[in-house]
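Here's the structure, in structure tokens; my notes come after.
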Amino acid sequence: MRIAVPREIVPGETRVALTPDVVPQLISVGNEVSVERGAGDAAGFLDDAYAKAGAKIMDDRASLYSAADLITKIQRPATVDGVDELSLMKDGAVLIGLLQPAGDPDFFRRAAAHRVTALSMELVPRTTRAQMMDALSSQSTVAGYKAVLIAANALQKFFPMLMTAAGTVRPARVLVIGAGVAGLQAIATARRIGAVVEAFDTRPVVKEQVQSLGATFVELGVGHEAAQDAGGYAKELSEEHIQREKELIHQRAIQADVIITTALIPGKRAPVLVTADTVAAMRPGSVIVDLAGEQGGNCELTVPGETVERNRVTIIAPLHIASDLAFHASQMYAKNVGALIALLAPNGKLELNMEDDIIKAVTLTADGKYLREAAQ
Numbered sequence: 001m002r003i004a005v006p007r008e009i010v011p012g013e014t015r016v017a018l019t020p021d022v023v024p025q026l027i028s029v030g031n032e033v034s035v036e037r038g039a040g041d042a043a044g045f046l047d048d049a050y051a052k053a054g055a056k057i058m059d060d061r062a063s064l065y066s067a068a069d070l071i072t073k074i075q076r077p078a079t080v081d082g083v084d085e086l087s088l089m090k091d092g093a094v095l096i097g098l099l100q101p102a103g104d105p106d107f108f109r110r111a112a113a114h115r116v117t118a119l120s121m122e123l124v125p126r127t128t129r130a131q132m133m134d135a136l137s138s139q140s141t142v143a144g145y146k147a148v149l150i151a152a153n154a155l156q157k158f159f160p161m162l163m164t165a166a167g168t169v170r171p172a173r174v175l176v177i178g179a180g181v182a183g184l185q186a187i188a189t190a191r192r193i194g195a196v197v198e199a200f201d202t203r204p205v206v207k208e209q210v211q212s213l214g215a216t217f218v219e220l221g222v223g224h225e226a227a228q229d230a231g232g233y234a235k236e237l238s239e240e241h242i243q244r245e246k247e248l249i250h251q252r253a254i255q256a257d258v259i260i261t262t263a264l265i266p267g268k269r270a271p272v273l274v275t276a277d278t279v280a281a282m283r284p285g286s287v288i289v290d291l292a293g294e295q296g297g298n299c300e301l302t303v304p305g306e307t308v309e310r311n312r313v314t315i316i317a318p319l320h321i322a323s324d325l326a327f328h329a330s331q332m333y334a335k336n337v338g339a340l341i342a343l344l345a346p347n348g349k350l351e352l353n354m355e356d357d358i359i360k361a362v363t364l365t366a367d368g369k370y371l372r373e374a375a376q
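Here the sequence shown is numbered in our numbering, starting from 1 and rising by one per residue.
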């Protein structure tokens with residue numbers, strides 16, 4: 001099977017879908033790997049490293065795509081500067097990437113029309129067997145860590161408590177909303193650099209994890225079944241619970257120096273948990289880092305992709321935040337993709353076994369059909 005690694009063309013995306021350390025394992029079972037020249041440069045992986053690992057370096061993007069049986073990407077194919085990546089793929093090709101399954105369905109209809117088999121890394125189930133393929137977790141780890149560094153840089157205060165000749169400096173107070181992978185990493189990072197941390201999550205099951213990291217868990221008092229689905233993700237709450245949630249967050253937010261929001265509901269707009277009224281009541285100079293910006297944001301005043309100031313509160317909503325740590329983010333993602341390819345083609349030959357629970361979960365288009373649309 002011929003595997004292609006193109007350079008990402010979406011502005012701001014500096015990661016690469018496969019790194020040189022993963023190439024030998026793919027070649028060892030009979031695959032061929034081709035990499036577009038410069039694909040890994042922005043992440044610190046140079047062409048020489050790919051070549052030494054056994055990959056072929058290609059200059060012509062169109063040739064790279066047209067010859068590939070399987071294309072690995074970070075972002076879903078886009079049209080930039082007149083280049084339509086999807087149209088470059090041959091009929092029957094397999095596409096693996098972070099394809100934004102809840103986004104514009106027209107993309108998947110086009111992919112189906114091209115007879116492209118599209119597999120979305122966001123849909124890898126959270127099971128023990130699929131753990132090595134869980135790209136959402138790996139990239140959320142990066143995002144949670146980086147969010148704290150962004151907040152610390154924007155906050156005009158120290159994070160740790162300091163005992164100085166000029167007096168005692170109190171530690172910053174950080175509120176983390178959402179205790180999934182990104183939230184837990186944010187908690188751990190904020191604690192490492194000395195902040196006092198509180199964490200809020202609707203799922204009572206995460207209380208012990210939050211406390212094990214040295215943070216205080218803020219409880220809403222929602223039952224397990226109402227807060228979490230079978231896959232371990234947060235569920236959309238009732239209107240009554242949402243109102244209680246906002247009131248509780250308001251009480252904690254006005255005491256915080258930093259808020260980091262990570263709350264997402266799979267396939268839907270991110271819930272608005274930090275209202276404009278809450279922002280207005282926060283301390284001047286406070287900072288909000290909204291990691292849900294790509295899905296609309298958890299803060300009512302968030303502008304996705306921008307840093308804005310409202311009522312003397314800085315609200316930061318970075319997009320592609322994992323690209324800020326492109327080297328390690330790429331390495332982690334590449335191992336996720338490598339594990340999925342090993343499942344799809346254990347002997348270098350593609351086997352789209354829809355009886356396999358992982359393959360079935362991640363496949364969005366196959367045999368000329370958009371499977372999600374067909375299921376509706």
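Built from N, CA and C at the ideal position, the CB exists for glycine as well.
Cut-off 6 Å between Cβ atoms - residues of its own chain near residue i, not counting five sequence neighbours on either side
i                 : result
alanine 143       : Ala182, Leu291, Ile321, Ala322
arginine 310      : Val279, Leu301
isoleucine 359    : Asn353
phenylalanine 380 : Nothing in the structure corresponds to residue 380, since the chain is present only between 1 and 376.
glycine 296       : Arg269, Ala270
leucine 18        : Val5, Thr72, Ala334
valine 10         : Gln75, Ala78
aspartate 59      : Arg37
serine 137        : Val181
CA-to-CA distance, residue j to residue i, given in whole angstroms
i                 : j                 : result
isoleucine 316    : alanine 256       : 16 Å
alanine 190       : lysine 246        : 23 Å
threonine 307     : isoleucine 288    : 10 Å
alanine 411       : cysteine 299      : Because the chain here runs from 1 to 376, residue 411 falls outside it and cannot be looked at.
alanine 93        : valine 148        : 40 Å
phenylalanine 49  : threonine 202     : For the sequence presented, residue 49 should be read as alanine rather than phenylalanine. Using only the alpha carbons, I get a separation of about 45 Å.
isoleucine 108    : threonine 365     : A small correction: the amino acid at residue 108 is phenylalanine; isoleucine does not occupy that position in the sequence shown. Distance between the alpha carbons of phenylalanine 108 and threonine 365: 7 Å.
methionine 209    : alanine 135       : The sequence shown places glutamine at residue 209, not methionine. So the two alpha carbons sit approximately 21 Å from each other.
phenylalanine 159 : glycine 180       : 23 Å
methionine 89     : serine 34         : 14 Å
glutamine 185     : glycine 338       : 24 Å
leucine 220       : phenylalanine 200 : 8 Å
valine 206        : methionine 1      : 42 Å
leucine 175       : arginine 110      : 42 Å
threonine 363     : serine 120        : 7 Å
glycine 30        : isoleucine 96     : 19 Å
glutamate 32      : valine 16         : 18 Å
alanine 188       : isoleucine 259    : 14 Å
alanine 361       : alanine 118       : 11 Å
isoleucine 150    : threonine 141     : 15 Å
leucine 273       : proline 24        : 46 Å
threonine 261     : alanine 253       : 11 Å
glutamate 373     : arginine 76       : 18 Å
alanine 281       : aspartate 324     : 31 Å
glutamine 131     : leucine 340       : 10 Å
asparagine 347    : valine 22         : 16 Å
glutamine 331     : glutamate 240     : 43 Å
glutamate 198     : histidine 250     : 13 Å
aspartate 106     : aspartate 84      : 14 Å
alanine 227       : proline 204       : Interpretation of alanine 227 is limited by its pLDDT of 48, a score under 50 that renders its predicted location unreliable; the figure taken from the coordinates is listed afterwards. Each residue's Cα considered, the two are about 8 Å apart.
threonine 128     : glycine 285       : 43 Å
tyrosine 65       : isoleucine 242    : 46 Å
Those residues which DSSP pairs with residue i across a bridge
i           : result
lysine 369  : Ala366
leucine 378 : Residue 378 is absent from the structure shown; the chain starts at 1 and stops at 376.
alanine 4   : Ser34, Ile71
Chain-order list of residues whose beta-carbon lies under 8 Å from that of residue i (same chain, five-residue window excluded)
i           : result
leucine 319 : Gly12, Gly293, Glu294, Pro304, Gly305
proline 20  : Gly40, Phe45, Ala49, Tyr50, Lys52, Ala53, Ala55
valine 116  : Leu86, Met89, Asp91, Gly92, Ala93, Val94, Leu95, Thr365
proline 125 : Gly231, Asp357, Ile358, Ala361
Where residue i sits in the DSSP three-state scheme
i              : result
glutamate 32   : strand
alanine 17     : coil
glycine 144    : helix
glutamate 309  : strand
aspartate 290  : strand
threonine 79   : strand
glutamate 225  : In this prediction, glutamate 225 scores a pLDDT of 47, lower than 50, which makes its location untrustworthy; no coordinate-derived value is stated.
isoleucine 96  : strand
threonine 202  : coil
isoleucine 265 : coil
valine 181     : helix
leucine 378    : This structure leaves residue 378 out entirely; the chain is present only between 1 and 376.
glycine 167    : strand
threonine 314  : strand
Integer Cβ distance of residue i from residue j, believed to fall under 8 Å
i            : j             : result
tyrosine 333 : glutamine 139 : 6 Å
alanine 4    : isoleucine 71 : 5 Å
aspartate 47 : arginine 37   : 6 Å
glycine 194  : alanine 263   : 25 Å between Cβ atoms; not a contact.
alanine 102  : glycine 368   : Actually they do not touch by this definition, with Cβ atoms about 22 Å apart.
Residues near residue i in its chain [Cβ-Cβ closer than 7 Å; skip 5 each side]
i             : result
valine 169    : Phe158, Met161, Leu162
glycine 223   : Unreliable positioning characterises glycine 223 in this predicted model, as indicated by a pLDDT of 47, which lies under 50. The coordinate reading is nonetheless provided below. Taken in chain order, the list of residues that qualify is empty.
glutamate 351 : Leu344, Ala345
serine 28     : none
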